[in-house]
Amino acid sequence: MAGLASMSQFPLLRALGAAGGTAVSPGFRFADVTSSAGIQFQHNSGAFGGKFLPETLGSGCAFLDYDRDGWQDILLINGMDWPGHKRRRSTLRLYHNNRNGTFTDVTSRAGLDLEMYGMGVAVGDYDNDGFPDILITCVGQNRLFHNTGKGTFTEVTAASGLGKRLSFSTSALWFDYDRDGLLDLFVCNYVKWSPEHDVFCSLDGKHKSYCTPEAYRGETCWLFHNRGNGTFEDVTAASGIFDSSSKSLGVAMLDDSHAGFPDLLVANDTQPNKLYRNQHNGTFKDAAVELGLAFSSEGRARAGMGVDVGDFRNSGHPGIAITNFDNEMTGLYEFSGKTYEDVAAQAGIGLASKNSLGFGCSFLDVNLDGWLDLAVANGHIDETVRNIRGNVGYAQPPQMFLNNGNGNFREVATELGGGFDGPKVGRGLAYADFDRDGDLDLLLTTNNGSAYLYRNDQLGGNRSIRFRLVGTKSNRDAIGAVVHIVSGGLAQSRMVKTGSSYLSQSELPLTFGLEKRDRVDQVVINWPSGRAEEFKNLTPGRCYECIEGKGIAAQDGF
Amino acid sequence: MYPRGVPRSPSPERSPTLGLLLGLIVTLAAVLAYSAYITWQVEGLRRLQSDLIDRDRKDSLQLLRIQNDLNLLAVAMRDMIDNDEPYPLTAWAAQFQRLHTDLDDAMHLEAGLAPTTRTPEQNASLSSSLKQFWDAVDRVFALAGGGREKDARQQIQLSLQARQEAMSTTVARLLVQNSDNEQQAAQRIIQIYDRVQRQVYVFLGATLAAILLTGFSMIRWNRRLFARMAELSERRSELAQKLIATQESTLRYISRELHDEFGQILTAMGAMLGRAGTHAPEGSDLRNDLLEVRQIAQDTLERVRSLSQALHPVMLDEAGLETTLDWYIPTIERQTGIAISYEKQGAPFAVGGSAAVQIYRVLQEALNNVARHSGEKQVWIRLRFRPATLELEVEDHGVGFNGRPAKQGIGLVAMRERAELMKGEIAFSIPAAGGTLLRLIVPRENIELRVKEQI
């Protein structure tokens with residue numbers, strides 16, 4: 001470790017180390033199982049030539065266990081044709097996991113066969129009934145669906161108090177910011193846009209093209225407090241979240257101050273990013289500028305798209321990834337004591353991401369070596385980009401940055417198989433262990449195209465351990481809980497969280513890679529309620545269900 | 001005999017060192033002076049750049065930041081007046097607070113960077129406007145907080161927007177002023193560059209002149225030096241040739257004297273002693289003594305003849321080189337005990353006169369060297385009559401030049417001079433088996449010329 005510590009003083013050496021990574025096998029392969037799993041999804045952006053801004057930005061996806069059978073199901077968000085340009089019917093799709101590697105489309109059966117211009121999704125059990133509910137962010141009215149627990153959903157948008165709000169919402173997340181045991185809702189809004197107020201933008205002066213957000217006024221994000229009776233109260237202004245200049249696309253929760261109260265990081269497009277620090281009194285204060293997260297290291301507001309938070313240095317403090325526009329590197333922020341420092345260039349991510357436009361991004365230990373890797377979905381917003389910038393395509397390969405454990409990342413997309421590195425107009429990205437083999441599989445959505453399900457097949461025999469948390473005093477989903485484990489001298493931490501990535505949500509259970517370690521010496525769970533629990537000597541290779549205050553129970557397998 | 005234009009006896013020349021040294025000093029001084037000048041100019045440029053332009057640009061960046069914040073305030077105020085958000089006006093308080101903090105920071109930084117051309121009134125104007133603006137903002141939020149949203153909106157329109165516009169105009173003017181300052185500084189930089197450029201030409205001209213002067217002076221001195229060296233070499237050669245000629249004529253004279261005078265005397269003495277002997281009684285001591293004396297005279301005669309031949313073989317003058325060598329080689333073989341392999345090639349032509357003497361002497365010196373230095377008892381002599389040249393080779397496989405004392409005797413010098421006399425070439429090399437190979441090549445025309453001279 002002394003060697004690594006001394007090396008960390010030399011960013012150039014680290015960069016060289018990252019650049020000159022040895023051709024070690026990634027340790028896993030991807031198999032494209034989209035068709036064989038029975039997922040036949042086609043995103044409808046509604047594009048008819050009018051070049052409406054929302055067309056190029058959707059849409060997201062989620063892994064959720066809506067029927068609580070322990071198997072992760074899939075939700076794919078969809079757009080629709082614009083009014084006056086109706087050609088076909090398109091709805092979101094809910095796929096039920098058949099527990100054998102295949103899925104069944106249960107959209108109609110679940111009562112979700114509804115048309116809407118959907119963008120993103122946030123899944124959370126806001127009424128603590130044990131079944132996850134779904135918020136779909138839309139262009140127009142956002143929709144909240146309550147899970148009946150019988151395999152169906154009922155729309156409660158109006159009843160919950162979320163109705164009568166037209167906007168261009170993007171990412172959203174559920175979190176319990178006041179630690180009252182009830183999940184509150186945070187929604188990102190992009191710009192003030194409607195088909196009636198669409199602005200004409202053009203790259204060549206003749207043909208309409210998609211506008212950049214500068215052409216539109218910003219729109220504040222929303223914060224809704226859960227009253228506990230199935231309704232929500234808009235506390236956007238009272239909480240200090242209100243900011244009419246924001247053009248937000250991604251949001252992630254983190255406990256930046258280690259106080260047990262969740263903070264929020266919002267990625268803004270062409271506007272400074274925001275880090276809303278929880279003041280523990282129901283209000284937030286933006287600390288992004290002083291923490292070094294608002295602007296790029298050159299002092300410019302970048303085009304923030306997706307965002308994720310993860311302890312990728314295993315330091316116990318979360319690091320941050322923010323995807324940006326092409327010609328802007330992905331931001332990889334490491335906490336340096338008082339502020340965050342963008343280490344993307346030194347870590348081997350900066351240059352590799354410079355010519356791609358990133359959207360969805362997720363920290364996940366894809367090769368189960370105990371270090372969080374970074375997956376990124378890329379794709380441009382303009383089909384004609386190649387005419388203007390020859391080295392940038394509309395469809396772009398997703399990227400997989402493997403964490404070498406020393407602060408350096410190596411891009412390995414081409415080595416993963418399954419067509420993962422094929423160019424796609426990527427947008428949403430989520431992960432889950434849908435086949436319960438202990439490793440994390442990827443779900444990727446594309447704009448006006450298919451969704452892709454990549455099954456992760458481990459090659460090196462690395463082990464893992466999974467935790468499914470159930471809150472009692474805390475919110476039932478335990479969102480905001482932080483799990484620390486120590487195994488064979490390696491300490492790791494993960495937070496149970498919604499949001500992150502772009503318009504998407506990954507599964508709630510936590511997966512820790514252990515490489516070849518055969519024992520987890522210590523597990524500490526910090527519940528959102530403030531309670532801390534410790535467990536010792538757990539055996540990897542299975543999933544543990546932890547019920548707040550009631551101990552831990554090993555499941556059969558994952 | 002002497003190169004054209006060079007005086008036969010040049011007057012003692014002044015040493016060029018002083019002139020060259022002076023040239024060098026002048027050139028170095030010019031370089032140093034110019035370096036100092038350039039350093040001074042660059043320093044000035046740097047000062048101008050950091051004091052004026054960089055500071056100006058940093059100031060402009062802060063002004064742009066202030067302008068941007070003012071614009072964001074304008075946008076926020078527009079949103080507040082539009083009243084299309086479902087939130088009270090107080091919702092904007094946090095946004096205003098963020099901008100307030102940022103503006104304060106930007107104003108603080110800007111004050112430290114403000115160009116010296118800025119008047120104190122200008123500085124005070126903006127900060128006091130800003131203070132008044134924030135006071136007005138506080139009043140607006142106080143009104144809004146008190147539920148008087150309509151009044152607050154009116155205040156925004158009447159007071160805040162106007163103040164914001166005024167400040168925006170002030171900042172824009174400051175930016176223009178900075179831009180003017182930058183242009184002026186750029187103009188001054190251009191002037192400095194022009195001045196430096198002119199000085200560069202002057203310096204280059206001066207340096208070129210100094211280099212040319214020094215160069216011409218060196219060429220002149222070199223030419224004189226070479227002429228002098230050539231003349232000295234010529235004179236040395238002339239002297240050596242005269243010495244050789246004197247030596248040859250002396251040796252020829254002594255040789256003839258020995259042969260003719262002492263030879264006849266000794267011959268006469270022998271004949272007389274022979275005759276005297278016949279008068280002495282047979283078997284008497286006198287007769288025996290006389291015969292013995294006659295024998296001594298005879299031996300002396302032989303030695304005198306031999307010495308005469310050695311000093312200057314008369315044969316050379318009478319029978320030419322080829323015949324002389326036919327006699328000389330077996331003789332020297334006997335005298336020194338060196339086995340000589342002598343070989344003649346080509347169609348012989350007459351080699352006599354001065355050329356025969358010189359070639360003979362070269363051979364004689366070479367064989368002497370072998371006998372004295374090589375430690376070798378075998379020598380190969382090759383005489384080649386070629387159509388245009390006569391070639392003499394003397395080869396031994398002894399110690400060669402490497403084994404001999406570093407300082408060469410007069411013999412080698414003499415050999416070169418003799419070759420020179422015949423306009424021939426002499427070369428010494430090391431054969432594959434080691435030792436020394438001497439090769440003398442004399443143009444036939446020079447040999448024949450010298451034969452004719454003789455005739």
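Residue numbers (my numbering), protein chains in the order written: chain R, 1 to 558; chain H, 1 to 455. Where is the CB? At the ideal position from N, CA and C, for every residue including glycine.
Assuming contact is defined by CB atoms lying nearer than 9 Å, are residue i and residue j in contact in what I supplied?
i	j	result
histidine 96/R	aspartate 129/R	no
glycine 398/H	valine 370/H	yes
leucine 185/R	phenylalanine 232/R	yes
aspartate 133/R	phenylalanine 153/R	yes
tyrosine 544/R	isoleucine 465/R	yes
glutamate 533/R	glutamate 548/R	yes
tyrosine 502/R	leucine 429/R	yes
serine 353/R	threonine 330/R	yes
glycine 435/H	aspartate 396/H	yes
leucine 368/R	threonine 511/R	yes
glycine 488/R	arginine 427/R	no
Taking DSSP as the reference, what is the three-state secondary structure of residue i?
i	result
proline 195/R	helix
isoleucine 329/H	helix
leucine 440/H	strand
lysine 285/R	strand
arginine 195/H	helix
threonine 446/R	strand
tryptophan 134/H	helix
isoleucine 426/H	strand
alanine 339/H	strand
proline 528/R	coil
alanine 432/H	coil
threonine 324/H	helix
phenylalanine 216/H	helix
alanine 321/R	strand
isoleucine 465/R	strand
arginine 300/R	coil
asparagine 78/R	coil
glutamate 533/R	strand
alanine 238/R	coil
At least one CB of chain H closer than 9 Å to the CB of residue i: is that the case?
i	result
arginine 302/R	no
arginine 277/R	no
valine 289/R	yes
serine 245/R	yes
phenylalanine 242/R	yes
lysine 338/R	no
glycine 3/R	Any reading at glycine 3/R needs caution, since the residue's pLDDT is 38, under 50, leaving its predicted position unreliable; the model's value is listed next. No, its Cβ sits nowhere closer than 9 Å to a Cβ of chain H.
arginine 165/R	yes
aspartate 234/R	yes
Are the C-beta of residue i and some C-beta of chain R separated by less than 9 Å?
i	result
tryptophan 92/H	yes
proline 120/H	no
glutamate 149/H	no
arginine 98/H	yes
glutamate 85/H	yes
glutamine 67/H	no
Candidates the options: which alpha carbon is nearest residue i's?
i	options	result
arginine 87/R	Phe48/R, Leu135/R, Gly282/R	Phe48/R
isoleucine 219/H	Ala433/H, Gly19/H, Arg416/H	Gly19/H
glycine 120/R	Asn229/R, Ala237/R, Gly250/R, Asp105/R	Gly250/R
valine 523/R	Thr220/R, Thr102/R, Ala491/R	Ala491/R
valine 75/H	Met107/H, Lys150/H, Glu165/H, Ala36/H	Glu165/H
aspartate 421/R	Val24/R, Ala31/R, Gly27/R	Ala31/R
leucine 311/H	Leu174/H, Arg252/H, Phe141/H	Arg252/H
valine 470/R	Lys550/R, Cys138/R, Ile349/R	Lys550/R
- Using Cβ-Cβ distances below 9 Å, what residues of the segment 72-83 of chain H are close to chain R? Leu72, Val75, Ala76, Arg78, Asp79, Met80
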